[in-house]
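Have a look at the structure below, then the notes.
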Amino acid sequence: MPIDALLIFCSFFSVSISVSTFISSAFVSSKIPLFFVFLLQKCEKLLPIFYWSAETGTSEIDFIIQIDNRIIPVEVKASENLRAKSIKIYREKYSPEIGIRLSMSDYRNEGWLINLPLYALPALPEILSQK
1 MPIDALLIFC SFFSVSISVS TFISSAFVSS KIPLFFVFLL QKCEKLLPIF
51 YWSAETGTSE IDFIIQIDNR IIPVEVKASE NLRAKSIKIY REKYSPEIGI
101 RLSMSDYRNE GWLINLPLYA LPALPEILSQ K
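This is the structure in structure tokens:
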């Protein structure tokens, strides 16, 4: 059974799976982290999810979330490579006060951009409420 089908099955039937096992083994495909974040967001009903793409199609933001009156771009990276081209383009155009980059890297606060490890996703609303 493909990993995405397994996760959907688990989410519908409340089957628990080890997140650490999933994270350590599933990052073979660059699509898995996006699916993982989407699934966590939808299953936990943390936040409504939106998407942004530049008119030219050269950049995209994986998720746009809204908390109160703040619109927050969220980029998801499959590895520890933290290039932020798309989120920087989005920032130049819309000037959000904060951006989030989820990845396999450790937590780092770079002023307007917060690097958050994927495993810490459930803490995102609390982190944002402190900003």
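Take 1 as the starting number for the sequence shown in UniProt numbering and just add one per residue. For each residue, glycine too, the CB sits at the ideal point set by N, CA and C. Quick caveat, the model's predicted, so the values are computed rather than measured.
In its chain, beyond the 5 residues on either side, Pro73, Glu75, Gly99 have a beta carbon closer than 6 angstroms to the beta carbon of Ile87.
Between the alpha carbons of Arg101 and Glu60 lies a distance of about 13 angstroms. Bridge partners of Trp112 according to DSSP: none are assigned. With fewer than 16 neighbouring CB atoms inside 10 Å of its own CB, Phe50 falls in the exposed class.
In chain order, Ile61, Pro73 place their CB closer than 6 angstroms to the CB of Tyr90, counting only its own chain and leaving out the 5 sequence neighbours on each side.
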